[in-house]
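> Sharing a structure here in structure tokens format.
Residue numbers (my numbering), protein chains in the order written: chain A, 719 to 997; chain B, 2 to 316.
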């Protein structure tokens with residue numbers, strides 16, 4: 719990846735992380751850990767990959783995105799705001815009564831293609847979108863992001879079977895493999911491992927990538943683009959809480975919002991990262 | 002009775018899908034390995050490129066239907082009522098109901114008349130489950146004529162619709178040429194002044210038979226076909242409550258949460274009158290021939306007659 723483009727994506731991702739902290743802090747609830755682990759991925763998708771237009775969010779032939787791990791909506795909202803789908807001010811009213819930004823994604827929000835949040839369901843909807851694209855010979859692609867804990871849901875594997883059976887090569891699923899879920903490490907709760915082998919056995923093309931390296935993210939998506947005849951899953955190795963020192967790899971930050979002091983520390987850290995990137 | 006033509010509403014459903022396919026190019030059909038039983042196989046044979054078998058995976062099927070609807074398709078997702086409303090309830094609620102997507106659920110083999118398969122497959126709870134979902138329309142057609150127009154109305158309606166069909170052949174009681182269907186509008190099949198019998202689905206014909214017999218016993222029974230449980234025709238129900246003073250509801254469904262409960266919800270607000278509910282009591286079904294089961298669980302014209310006589314005394 720071109721160094722300037724990479725640097726720019728890193729800056730945007732840093733701002734997206736600030737948006738996540740801003741949102742969850744103001745909401746006094748929410749899921750910062752798994753939001754931070756997909757901040758780079760969503761930045762790449764919305765600033766380097768997806769054919770979407772903030773001025774025309776319902777553009778018929780746009781690429782589709784479904785956040786199957788819907789509890790990490792703060793990341794999606796932050797990236798949508800950064801991309802211009804709505805004002806960044808909206809992030810401050812996340813989860814408030816009467817606010818546009820609901821606790822989990824709602825289809826009525828500009829830029830949101832599907833309501834999601836009850837785990838395991840988003841990937842099925844993504845399959846439906848991909849199937850419609852195939853039926854209508856459309857070029858749009860469908861992307862969906864799942865948690866590694868989420869794939870413990872049986873519906874995910876129903877969808878995995880379906881996507882492979884119908885050869886949905888316009889569908890790319892990304893599994894955010896940060897290794898932690900609410901009750902603890904995924905290996906201890908009820909292990910979904912080996913994740914790559916499982917998807918391969920279900921007939922998917924499997925790619926692994928480093929979730930926090932834009933060069934590697936680009937490599938993975940370039941490979942995904944070349945695959946035909948089967949759906950693609952990218953298992954991204956990520957760090958839960960990535961970017962905020964005290965949240966990194968801490969299961970306790972799955973569903974806890976920062977208080978004022980923690981907010982200040984997180985923002986100071988992210989500001990420092992941004993300053994360094996801006997050099 | 003022998004000259005009455007009968008046809009299962011699931012059969013009419015399958016035929017309706019095929020008949021509507023040309024006009025509605027966006028209509029697609031999903032099934033979960035039951036196309037031969039739900040009769041979506043009729044559509045599949047004629048339009049294989051618009052039919053998708055999801056395998057025995059109802060949760061995913063409902064989600065795929067939701068995804069198809071976001072892109073402008075009109076998906077009909079079919080399986081047995083037990084699995085459509087029961088197993089996949091939460092997907093129907095969160096992936097179809099909450100985003101208010103234009104998905105039609107064609108649920109067959111509803112109620113006790115599933116017969117020999119027994120309790121695991123006899124869904125007596127689906128109306129209750131589906132009517133609690135905000136924005137969900139719930140339709141229970143009573144015969145072939147009503148099913149055909151109801152399916153068309155569902156296609157033309159923008160929003161999620163749950164349609165309930167039966168396995169057993171149902172008497173055709175409506176006249177095809179004069180029948181008018183409107184979502185949310187009940188139909189007075191027979192006028193009467195002493196009691197109103199409110200019915201849906203398979204029980205509608207039984208209610209008519211009962212009303213005729215009651216006439217001979219000097220009881221004037223009105224029969225109302227409530228094909229749309231939600232939105233309920235509150236105006237008509239209230240009118241009947243006021244004019245006849247007592248209501249008997251009859252449905253091939255649990256007495257908890259279905260048509261009877263919907264009618265009670267309505268009359269307690271507008272015109273409190275006694276309501277006697279006939280349905281499957283708070284119990285599971287069992288194996289047996291469908292017609293015998295209907296009798297065993299009180300879903301017969303004889304029981305409607307008996308309950309109507311008791312109801313009149315409550316006034």
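Note that the Cβ used here is the ideal one computed from N, Cα and C, for glycine as well.
Just so it is clear, the structure is predicted and the values come from calculations on it, not from any experiment.
Kindly list the residues whose CB is nearer than 7 Å to the CB of residue 763 of chain A, restricted to its own chain and excluding five residues on each side of it in sequence; keep chain order.
783, 861
> Is it buried or exposed for residue 814 of chain A, if we count other Cβ within 10 angstroms and need 16 for buried?
With fewer than 16 Cβ atoms within 10 Å of its Cβ, residue 814 of chain A is classed as exposed.
> Would you mind sorting residue 131 of chain B into buried or exposed? The rule is 16 or more other CB atoms within 10 Å of its CB.
Buried, because 16 or more other Cβ atoms sit within 10 Å of the Cβ of residue 131 of chain B.
> Does residue 1053 of chain A have its Cβ less than 8 Å from a Cβ in chain B?
Residue 1053 of chain A cannot be examined here, being either before or after the span of chain A that is shown, 719 to 997.
> From this set, B/55, B/211, B/268, B/143, which residue's C-alpha is nearest residue 877 of chain A's C-alpha?
B/55
> How would you call residue 144 of chain B, buried or exposed, if buried means at least 16 neighbouring beta carbons within 10 angstroms?
Classification for residue 144 of chain B: buried.
> Between A/933, A/773, A/921, A/966, which has its C-alpha nearest residue 945 of chain A's C-alpha?
A/921
> In terms of residues, what are the limits of the alpha helix (DSSP H) holding residue 726 of chain A?
721-745
> Since residue 825 of chain A meets chain B, which of its residues come closer than 7 Å, beta carbon to beta carbon?
Going along chain B in sequence order, the residues near residue 825 of chain A (Cβ under 7 Å) are 100.
> Assign residue 845 of chain A to one of two classes, buried (16 or more other C-beta atoms within 10 Å of its C-beta) or exposed (fewer than that).
buried
> Residues of chain B with CB under 7 Å from residue 794 of chain A, in chain order?
Those within 7 Å of residue 794 of chain A in chain B number zero; the least Cβ separation is about 15 Å.
> Would you tell me roughly how many angstroms separate the C-alpha atoms of residue 999 of chain A and residue 962 of chain A, rounded to the nearest one?
It is not possible to answer for residue 999 of chain A, since the shown part of chain A is limited to 719 through 997.
> Closer than 6 Å by C-beta to residue 166 of chain B: which residues in its own chain qualify, once you throw out the five before and the five after it? Chain order, please.
If you ignore the 5 residues before and after residue 166 of chain B, its C-beta comes within less than 6 Å of the C-beta of 10, 11, 14, 109, all in its own chain and listed in chain order.
> Quick check on residue 895 of chain A: buried or exposed, where buried means 16 or more other Cβ atoms within 10 Å of its Cβ?
So residue 895 of chain A ends up on the buried side.
> Have a look at B/58, B/52, B/98, B/36 and flag the residue whose alpha-carbon is nearest the alpha-carbon of residue 76 of chain B.
B/52
> Nearest to residue 241 of chain B by CA position, among B/190, B/232, B/289, B/215, is which residue?
B/190
> Could you list which residues in chain A have their beta carbon closer than 8 Å to that of residue 138 of chain B, in chain order?
Residues of chain A passing the Cβ test: none, with the nearest at roughly 19 Å.
> From residue 161 of chain B to residue 105 of chain B, what does the alpha carbon distance come to, in whole angstroms?
6 Å
> Examine chain A for any beta-carbon lying closer than 8 Å to the beta-carbon of residue 107 of chain B, and answer yes or no.
no
> Tell me the rounded alpha-carbon separation between residue 743 of chain A and residue 881 of chain A.
Going by C-alpha positions, residue 743 of chain A is about 38 Å away from residue 881 of chain A.
> Does DSSP put residue 818 of chain A in a helix, a strand or coil?
Note: residue 818 of chain A maps to coil in three-state DSSP.
> Against chain B, with Cβ distances strictly below 8 Å, would residue 777 of chain A count as a contact?
no
> If residue 787 of chain A sits next to residue 868 of chain A, beta carbons under 8 Å apart, how far is it from one beta carbon to the other, in whole angstroms?
5 Å
> Residue 844 of chain A versus chain B: which residues are under 8 Å apart at the beta carbon?
68
> For residue 849 of chain A and chain B, any beta-carbon pair shorter than 8 Å?
yes
> Can you check whether the C-beta of residue 74 of chain B is within less than 8 Å of a C-beta belonging to chain E?
Among the protein chains in the structure shown, which are A and B, there is no chain E.
> Does the CB of residue 241 of chain B have a neighbour CB from chain A at under 8 Å?
no
> Buried or exposed for residue 989 of chain A, going by 16 or more other Cβ atoms inside 10 Å?
So residue 989 of chain A ends up on the exposed side.
> Could you pull out every residue in the same chain whose Cβ sits closer than 8 Å to the Cβ of residue 799 of chain A, ignoring the five residues on either side in sequence?
Sequence-distant partners of residue 799 of chain A (beyond 5 residues in either direction) whose C-beta falls short of 8 Å from its own C-beta, in its chain, are 737, 805, 806, 808, 809.
> Would residue 269 of chain B pass as a contact of residue 196 of chain B if the rule is Cβ separation under 8 Å?
no
> If you scan the stretch 59-85 of chain B from start to end, which runs of the alpha helix (DSSP H) of 4 or more residues do you find wholly inside it?
59-71
> Count the other CB atoms within 10 Å of the CB of residue 126 of chain B; is the residue buried (16 or more) or exposed (fewer)?
Looking at its Cβ environment, which holds 16 or more other Cβ atoms inside 10 Å, residue 126 of chain B is buried.
> Pick from B/136, B/267, B/291, B/251: whose alpha carbon is nearest that of residue 309 of chain B?
B/251
> Measuring straight from C-alpha to C-alpha, what distance separates residue 986 of chain A and residue 997 of chain A?
Our two residues, residue 986 of chain A and residue 997 of chain A, have alpha carbons roughly 16 Å apart in a direct line.
> Restricting to runs no shorter than 3 residues, where is the beta strand (DSSP E) found entirely within the stretch 228-265 of chain B?
For the stretch 228-265 of chain B, whole beta strand (DSSP E) runs of length 3 or above, ordered along the chain, are 229-231, 248-255.
> State the Cα-Cα distance for the pair residue 885 of chain A and residue 120 of chain B, rounded to the nearest angstrom.
Cα to Cα, residue 885 of chain A sits roughly 37 Å from residue 120 of chain B.
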